[in-house]
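Asker: I am attaching a structure below and will ask some questions about it afterwards.
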Amino acid sequence: MTIRIYNTLSGKREALKPLEPGHVKLYVCGITTYDYCHIGHARSALAFDMIVRYLRYRDYKVTYVRNFTDIDDKIIVRAKEQKCSPEELANRFIDEFYVDMDKLGIDRPDIEPKATEHITEMTDIISELIDKGMAYQAGNDVYYIVDSFPEYGKLSGRNLEDMKAGARISVNEQKRNPMDFVLWKGSKPGEPTWESPWGPGRPGWHIECSAMSRKYLGETFDIHGGGKDLIFPHHENEIAQSEGANGKPFVTTWIHHGFVTIRDEKMSKSLGNFLTIRDILSHYHPEILRFFVFSTHYRNPLDFSETAMQDATTGLVRLYKCIAAVSSLNLAAGVGQSQSVIDDKDRLNIKALEGRFQQAMDNDFNTAQAQGIFFDTAKTINRILKNLPATPLPADITFLKDAGSTLKKLGDIMGILREEGTHFLDTRKQQMLAEIDIDETTIDALVAERFQCRAEKNWARSDEIRDQLLEKNIELKDGPDGTEWSVKRS
RNA sequence: GGCGGCGUAGCCAAGUGGCUAAGGCAGUGGUCUGCAAAACCAUUAUUCAUCGGUUCGACUCCGAUCGCCGCCUCCA
11 MTIRIYNTLS GKREALKPLE PGHVKLYVCG ITTYDYCHIG HARSALAFDM
61 IVRYLRYRDY KVTYVRNFTD IDDKIIVRAK EQKCSPEELA NRFIDEFYVD
111 MDKLGIDRPD IEPKATEHIT EMTDIISELI DKGMAYQAGN DVYYIVDSFP
161 EYGKLSGRNL EDMKAGARIS VNEQKRNPMD FVLWKGSKPG EPTWESPWGP
211 GRPGWHIECS AMSRKYLGET FDIHGGGKDL IFPHHENEIA QSEGANGKPF
261 VTTWIHHGFV TIRDEKMSKS LGNFLTIRDI LSHYHPEILR FFVFSTHYRN
311 PLDFSETAMQ DATTGLVRLY KCIAAVSSLN LAAGVGQSQS VIDDKDRLNI
361 KALEGRFQQA MDNDFNTAQA QGIFFDTAKT INRILKNLPA TPLPADITFL
411 KDAGSTLKKL GDIMGILREE GTHFLDTRKQ QMLAEIDIDE TTIDALVAER
461 FQCRAEKNWA RSDEIRDQLL EKNIELKDGP DGTEWSVKRS
């Protein structure tokens, strides 16, 4: 089976064929470091984290590069506002970014280059483009000549004529063609500057990715990724720069993920409708955010709402309850005299888990389908658990425990089910308990009183206690070994 | 205006032309229970925005229409 990936360049799903067999080289556009990250950034980081984990699970070696844009207009403006240097501002938000990434359990990429540490690599490419007649200096700026690259527009499906017709680009007297874009900006007083053959200045936005990807992954590599909003102009311009300078294809496969929306509108700083990662993580467990993110295919829009987060919570708790129940099975308890209670259909269903998971994920990383398979498996496991006799066959217990381990192993690719089931549920219980107006001692006392009442068949008082606790969002569960309680979400 | 995408049950969401249109949430009936809860079982789309076309066969391909969203300016 091969992994098929949707390629923005061709508009089709294509089989993954790394240029170097078995080794995938991946470059992802990272953040501009001037503010806290919102959940749109989280989706990007999570999507590529999942992709890298899946490729590694499928035995590919992966070299994963993700950059930091640490010099740019927004950084300069924000630094001025906050009365610090652009460098200080950038470093501060890189640190904050790592705080969020660590909380989300996202692995670090192999290489995380910063734009400001690769100025020479950028000026090299700019010089090459000038030598080839594909760029020109105008004043203290250097521009790319879009007309020199006949394939300009091939990624975004545009042509220069159409773009000029609907041009919203501000007129710049220096440019020969309004579509030409800046490679190097002459510096204004007070701005960070670097020396260059064209005078002091700083790089344009697009050139950093051309320069850093070439340095770390070569002139041609397998996958380049980012948000859909980067298709034009950012990635289109990268192609023009890199293919122009190198005279070789730049990237085989372009992966672009969809946006996080709120009430079906793109979450963005300019609309002011964004929620930061730390906003969300102060209310929800990181795995709940991950479960939510992966409930929709990565290319589709993902609409954030409290309801959707509640659904994700319910779903993840359901899976955790299942694996907690399996891990609490005691292998030594079985004395082996009973027969297997697992019928062939259920056995096959559980055995098919990993194969079905791979089939879903091979098809353009279909995590939504993969989650469906998890639920389907959990349902089967729960059914078997229900039918398990007091002294189950040890082989049955082993079979179930293996199924639980497989769920955890596959869940780890999406970054879920990483905790022990009982630990996750207990922690959650404690957190929810802290939010409501009752303590554990009181609950235990009432439960004990109710136990006595039930023994005396005093159902009136027994129900009264249950209702009283339910008012505080405490749900009771009477089992053969006594009464358990849990905190209900209000 | 140009380009791209989406429209599948009350809600969310898979579906790589052909086997019963996954799965989750919510709902309903049942098993269990003193009654509940959880879990399990059953049930919930003769139909995939609409209308045409291609095909032996279409949710899936093509065209048109309607609606929504995104990009074309910084953006994940």
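Be aware that the first sequence starts at 11, since it is given in the numbering used here, and climbs by one per residue.
Beta carbons are placed, not taken as given, at the ideal position from N, Cα and C, and that holds for glycine.
For clarity, every value in this text was computed on a predicted model and none was experimentally measured.
Short of 7 Å in beta carbon distance, which residues of its chain neighbour N169, apart from the five on each side in sequence? Order them along the chain.
Answerer: Around N169: G163.
Asker: Could you tell me if the beta carbon of L56 falls within a distance shorter than 7 Å of some heavy atom in the ligand PLP?
Answerer: No copy of the ligand PLP appears in this structure; indeed no ligand is present at all.
Asker: So, at 6 Å on beta carbons, what are the nonlocal neighbours of K113 in its own chain, with the 5 sequence-adjacent residues on each side left out?
Answerer: Cβ neighbours of K113 beyond the five flanking positions: L291 and P296.
Asker: Who are the Cβ neighbours of I448 in its own chain at under 6 Å, not counting the five residues just before and after it?
Answerer: Within the same chain, I448 has close Cβ partners K482.
Asker: Which runs of the alpha helix (DSSP H) spanning at least 4 residues fall entirely within the segment 38–101, listed in chain order?
Answerer: 49–67 and 83–91, all fully within the segment 38–101.
Asker: So is W208 buried or exposed if we call it buried at 16+ other beta carbons inside 10 Å?
Answerer: It counts as buried.
Asker: If you follow the beta strand (DSSP E) that D488 is part of, which residue opens it and which one closes it?
Answerer: Residues I484 to G489.
Asker: Name the residue from D232, Q92 and K279 whose alpha carbon lies nearest to the alpha carbon of V72.
Answerer: Answer by Cα proximity: D232.
Asker: Return helix, strand or coil for L165, following the three-state DSSP convention.
Answerer: L165 falls in the coil class under three-state DSSP.
Asker: Write down every uninterrupted run of the alpha helix (DSSP H) in the segment 387–429 whose length is 4 residues or greater and which is fully enclosed by it, in chain order.
Answerer: Listed in chain order, the complete alpha helix (DSSP H) runs (minimum 4 residues) inside the segment 387–429 are 404–424.
Asker: State the Cα-Cα distance for the pair M60 and G235, rounded to the nearest angstrom.
Answerer: Each residue's Cα considered, the two are about 13 Å apart.
Asker: Per DSSP, A145 forms a beta bridge with which residues?
Answerer: The partner list for A145 (beta bridge, DSSP) reads Y154.
Asker: Could you pull out every residue in the same chain whose Cβ sits closer than 6 Å to the Cβ of T262, ignoring the five residues on either side in sequence?
Answerer: If we look at T262 and ignore the five residues flanking it on each side, its Cβ neighbours are D232.
Asker: Quick check: what's the CA-CA separation for I484 versus A388?
Answerer: Spanning the two alpha carbons is a distance of roughly 25 Å.
Asker: Is it right to say G50 is buried, meaning 16 or more other beta carbons lie within 10 angstroms of its own, or is it exposed?
Answerer: It is buried - the Cβ of G50 has at least 16 other Cβ atoms within 10 Å.
Asker: If you follow the alpha helix (DSSP H) that N256 is part of, which residue opens it and which one closes it?
Answerer: Run containing N256: E246 to N256, per the alpha helix (DSSP H) assignment.
Asker: What's the C-alpha gap between L546 and H267?
Answerer: Here the chain covers residues 11 to 500 and nothing more, so residue 546 does not appear.
Asker: Grab me the residues of T538's own chain with a C-beta within less than 6 Å of its C-beta, minus the 5 sequence neighbours each way, in chain order.
Answerer: There is simply no residue 538 to check, as the chain begins at 11 and stops at 500 in what is shown.
Asker: Please report the distance separating the alpha-carbon of V34 from that of K276.
Answerer: C-alpha separation (whole angstroms): 31 Å.
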